[in-house]
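Protein chains in written order, with full-length UniProt numbering: chain A, 1 to 213; chain B, 1 to 213; chain C, 1 to 213.
Positions of the beta carbon are idealized from the N, C-alpha and C atoms, including for glycine.
Keep in mind the model is a prediction, meaning the values are calculated, not measured.
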């Protein structure tokens with residue numbers, strides 16, 4: 001009971017954080033209300049949707065849970081009221097925290113769904129990462145940018161990889177399902193928060209590598 | 001009988017208008033024959049294809065109706081013969097008219113397919129809009145532009161929303177199916193034509209909103 | 001037996017060539033390890049994945065054959081060791097050769113899968129082309145470029161079209177399946193190699209066509 005309430009709170013928080021990151025990026029690109037809603041929606045649900053299409057699962061998450069659709073619609077319609085607030089320093093911190101929570105939860109839930117569908121561990125990890133990360137990739141493609149998660153040299157997808165591996169490892173060792181999920185989520189979210197706080201960066205390629213010739 | 005003939009004429013006209021908008025954009029980007037065919041094809045069928053993938057419907061529309069494939073191939077191959085004509089003022093008007101007809105027809109048919117598949121109204125409206133609009137989004141992504149429908153501040157997707165809502169509302173009130181469809185199509189197409197003729201624009205966001213900091 | 005070994009060698013070679021082209025492009029865009037792996041992976045498997053989604057086939061190729069996933073992971077992790085070598089003239093030639101082999105093999109296997117699924121010839125050709133070409137399209141979209149295969153005016157997708165047509169034509173004439181496949185692969189790969197060696201170019205559109213007004 002209580003465990004599921006916590007998960008729900010994280011899920012709503014994570015979805016809101018993802019949707020907001022799409023919404024802010026769309027506004028930055030001077031999109032209209034249709035673009036803002038679309039990009040927010042795609043950022044929040046694109047990853048889970050791709051996972052379900054790849055695994056051939058229906059109905060899709062946001063079709064079964066229409067509340068999330070309404071949530072994103074409300075978010076887009078009320079944007080002028082709160083966008084200024086969101087840019088304040090404190091609020092930016094809060095959003096990074098919610099985003100890290102979303103990263104952990106979506107990654108582990110994606111891996112757990114794939115694992116339950118009989119996928120081998122490597123594919124389950126990949127599905128977890130896709131669930132957590134692909135919404136942001138689609139956001140950047142629609143905004144005509146190179147996906148941030150691919151080139152900002154900050155650990156994000158890798159935190160999802162580590163978290164999913166911990167979850168699947170503990171699960172394979174026979175740990176109770178909800179305990180291994182919690183461990184996985186805490187690993188992914190925690191490592192992401194550490195990366196943000198301490199400014200961790202992925203190693204750059206050797207200098208000669210990106211020359212065209 | 002006669003009703004279905006009219007629908008078919010609109011469908012062919014709308015498909016042609018969508019394909020042509022992709023074709024012209026691809027030529028503007030100096031693509032070769034492969035690019036021109038691909039972008040025309042994706043613009044014409046991308047929306048319906050995404051709807052069918054999301055709803056898990058097969059076979060896809062353009063697989064079942066190969067005539068449309070041949071139509072787009074013929075269009076791409078003969079482009080040099082008529083592209084100059086299309087840019088004339090009168091022809092541009094005709095294309096905007098056909099595009100508005102396509103918008104209405106594809107939106108209502110998308111919503112009707114989703115509704116028949118047991119989707120709730122909100123999802124049915126969304127599927128209608130995706131059917132009508134997503135081909136253009138993909139066209140712009142392939143042409144490396146921010147999707148026009150997201151940032152030109154002109155009512156397009158919203159006309160589809162209104163039309164689908166009218167259709168589903170009248171349907172829920174018990175109106176005969178083909179009458180509610182006609183009403184929905186006329187609403188979407190009509191509102192789009194009015195928007196074009198009178199130059200309606202969506203309200204811009206307050207000025208402070210798109211600043212990055 | 002021997003025939004299947006040859007096919008396997010071509011498949012591994014083609015997959016490597018596709019993955020490498022994604023990897024090099026990602027490095028050129030200064031992506032990090034996550035981006036490099038993702039783009040390499042999408043380039044290698046995007047085409048076959050889209051084909052399977054359009055035809056509703058599961059499990060996907062790379063889910064059933066995890067070796068390929070590991071191969072791309074190893075490729076991305078070891079990139080710094082060999083990237084410099086790849087840029088040497090001889091190696092570039094080898095990669096173009098492997099890419100042409102991949103083009104032929106993936107096109108014919110895509111067409112053959114579609115044909116076995118009961119698709120009519122035109123759709124089977126299209127599926128063959130999608131299998132061979134769409135990974136590169138996705139690579140360029142993720143790298144925020146107009147797809148190269150759409151605008152470099154060099155025969156690539158068209159070689160796949162010709163190869164698939166030869167394969168399906170001979171198949172329809174009753175030739176043994178593996179012979180018609182070999183003929184198709186040789187046609188696609190051979191015509192691509194000829195195009196590269198002799199610098200064939202697709203005819204440009206008439207000059208007036210890409211003016212905007």
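>> Spatial neighbours of residue 59/B within its chain, please: C-beta separation below 8 angstroms, excluding the five flanking residues on both sides.
In response: Within the same chain, no Cβ atom closer than 8 angstroms to the Cβ of residue 59/B is found once the five residues on either side in sequence are excluded.
>> Measuring CB atoms only, is the stretch 10 to 22 of chain B touching the stretch 86 to 103 of chain B, in the sense that at least three cross pairs come out at less than 8 angstroms?
In response: Result yes; three or more Cβ-Cβ pairs closer than 8 angstroms.
> Can you list the residues of chain B that residue 141/C reaches, using a CB-CB cut of under 9 angstroms?
Replying inline: Result: 141, 142, 144.
>> Can you find the residues in the same chain that come closer than 8 angstroms, C-beta to C-beta, to residue 123/C, ignoring five residues on each side of it along the sequence?
In response: Correct list, in chain order: 114.
> Would residue 177/A be called buried (16 or more neighbouring beta carbons within 10 Å of its own) or exposed?
Replying inline: Sixteen is the threshold: since fewer than 16 other Cβ atoms of the shown chains lie within 10 Å of the Cβ of residue 177/A, the residue is exposed.
> Using the C-alpha atoms, what's the distance from residue 129/A back to residue 150/B?
Replying inline: Rounded to the nearest angstrom, the two C-alpha atoms are 28 angstroms apart.
> Quick one, are the C-beta atoms of residue 103/B and residue 159/B less than 8 angstroms apart?
Replying inline: Yes; because the gap between Cβ atoms is below 8 angstroms, this pair is in contact.
>> Rounding to the nearest angstrom, what Cα-Cα distance links residue 203/B and residue 30/A in this structure?
In response: Distance from the CA of residue 203/B to the CA of residue 30/A, rounded to the nearest whole angstrom, comes to 12 angstroms.
> For residue 52/A, which residues in chain C fall below 8 angstroms Cβ to Cβ?
Replying inline: Counting only Cβ-Cβ distances below 8 angstroms, residue 52/A has no contacts in chain C at all, with the closest Cβ about 11 angstroms away.
>> Quick check on residue 70/A: buried or exposed, where buried means 16 or more other Cβ atoms within 10 Å of its Cβ?
In response: Exposed, because fewer than 16 other Cβ atoms sit within 10 Å of the Cβ of residue 70/A.
> Listing by chain order, which chain A residues have their CB less than 7 angstroms from the CB of residue 113/C?
Replying inline: Simply none; closest approach about 17 angstroms.
>> Counting only Cβ-Cβ distances shorter than 8 angstroms, please list the residues of the stretch 79 to 102 of chain B near chain C, keeping chain order.
In response: Only 79, 80, 83, 84, 87 from the stretch 79 to 102 of chain B bring a Cβ to less than 8 angstroms from some Cβ of chain C.
> For a contact meaning CB atoms closer than 7 angstroms, what does residue 157/A contact in chain C?
Replying inline: For residue 157/A, the neighbours in chain C by C-beta distance under 7 angstroms run, in chain order, 34.
>> As a quick exercise: from 65/A, 27/A, 57/A, pick the residue whose alpha carbon is nearest that of residue 8/A.
In response: When the alpha-carbon of residue 8/A is set against those of 65/A, 27/A, 57/A, the nearest one is in 65/A.
>> With a threshold of 8 angstroms between beta carbons, is residue 171/A in contact with chain C?
In response: Judged by the 8 angstroms Cβ criterion, residue 171/A is not in contact with chain C.
>> So within the UniProt domain "Glycine transporter" (97 to 170) of chain A, which uninterrupted alpha helix (DSSP H) runs reach at least 4 residues, ignoring any that extend past its ends?
In response: Fully enclosed alpha helix (DSSP H) runs of no fewer than 4 residues occupy 121 to 142, 148 to 151 of the UniProt domain "Glycine transporter" (97 to 170) of chain A, in order along the chain.
>> Checking 8 angstroms against the spacing of the C-beta atoms, do residue 61/C and residue 52/C come in under that value?
In response: Their beta carbons are under 8 angstroms apart, which means residue 61/C touches residue 52/C by this criterion.
> Is it buried or exposed for residue 179/C, if we count other Cβ within 10 angstroms and need 16 for buried?
Replying inline: So residue 179/C counts as exposed.
> For the putative contact between residue 75/C and residue 23/C, defined by C-beta atoms under 8 angstroms, what is the C-beta separation to the nearest angstrom?
Replying inline: Contact holds; Cβ gap of about 6 angstroms.
>> At a CB distance below 7 angstroms, what residues from the stretch 180 to 206 of chain A approach chain C? Give them in sequence order.
In response: Here the close residues are 202, 205, 206.
> By Cβ distance, which residues of its chain are closer than 7 angstroms to residue 10/A, with the 5 residues on each side in sequence left out?
Replying inline: Correct list, in chain order: 101, 105.
> So is residue 8/B in contact with chain A if we call contact Cβ pairs under 8 angstroms?
Replying inline: With respect to chain A, the C-beta atom of residue 8/B has no partner C-beta closer than 8 angstroms.
>> Given a cut-off of 8 angstroms on the beta-carbon distance, is the pair residue 168/B and residue 206/B in contact?
In response: Not a contact, by the Cβ cut-off of 8 angstroms.
> Taking a cut of 7 angstroms between CB atoms, which residues from the stretch 56 to 79 of chain C lie near chain A?
Replying inline: Against chain A - using a Cβ distance shorter than 7 angstroms - the residues of the stretch 56 to 79 of chain C are 58, 60, 63, 66, 69.
>> Are there any heavy atoms of the ligand SAM lying less than 7 angstroms away from the beta-carbon of residue 202/A, as far as the coordinates show?
In response: Inclusion of the ligand SAM in the displayed structure is not the case, the ligand content being empty and no account of it being possible.
> According to the Cβ coordinates, are residue 138/A and residue 46/A closer than 8 angstroms?
Replying inline: Closer than 8 angstroms, so yes.
> Where do the N-terminal and C-terminal ends of the alpha helix (DSSP H) with residue 20/C fall, by residue?
Replying inline: Note, residue 20/C: alpha helix (DSSP H), 2 to 28.
> Closest to residue 68/C by CA distance: which of 109/C, 117/C, 197/C, 12/C is it?
Replying inline: Comparing Cα-Cα distances from residue 68/C to each of 109/C, 117/C, 197/C, 12/C, the minimum goes to 12/C.
> Count the other CB atoms within 10 Å of the CB of residue 199/C; is the residue buried (16 or more) or exposed (fewer)?
Replying inline: It counts as exposed.
> Which residues of chain A have a Cβ atom closer than 9 angstroms to the Cβ of residue 122/B, listed in chain order?
Replying inline: 66, 69, 70, 73, listed in chain order.
>> Please report the straight-line C-alpha distance between residue 111/B and residue 43/B, rounded to a whole angstrom.
In response: Just so you know, the alpha carbons of residue 111/B and residue 43/B end up roughly 19 angstroms apart.
>> Rounded to the nearest angstrom, what separates residue 146/A and residue 174/C at their Cα positions?
In response: Roughly 48 angstroms separates the two Cα atoms.
> Which class does residue 203/C belong to by DSSP, given the choice of helix, strand or coil?
Replying inline: Judged by DSSP in its simplified three-state form, residue 203/C adopts coil rather than helix or strand.
> Of the choices 73/B, 182/B, 85/B, whose alpha-carbon is the least far from that of residue 6/B?
Replying inline: When only C-alpha atoms are compared, the closest one is 182/B.
>> DSSP three-state label for residue 188/B, please.
In response: Three-state result, residue 188/B: helix.
> Considering residue 47/C, what are the terminal residues of the alpha helix (DSSP H) in which it resides?
Replying inline: Segment 33 to 55, the alpha helix (DSSP H) holding residue 47/C.
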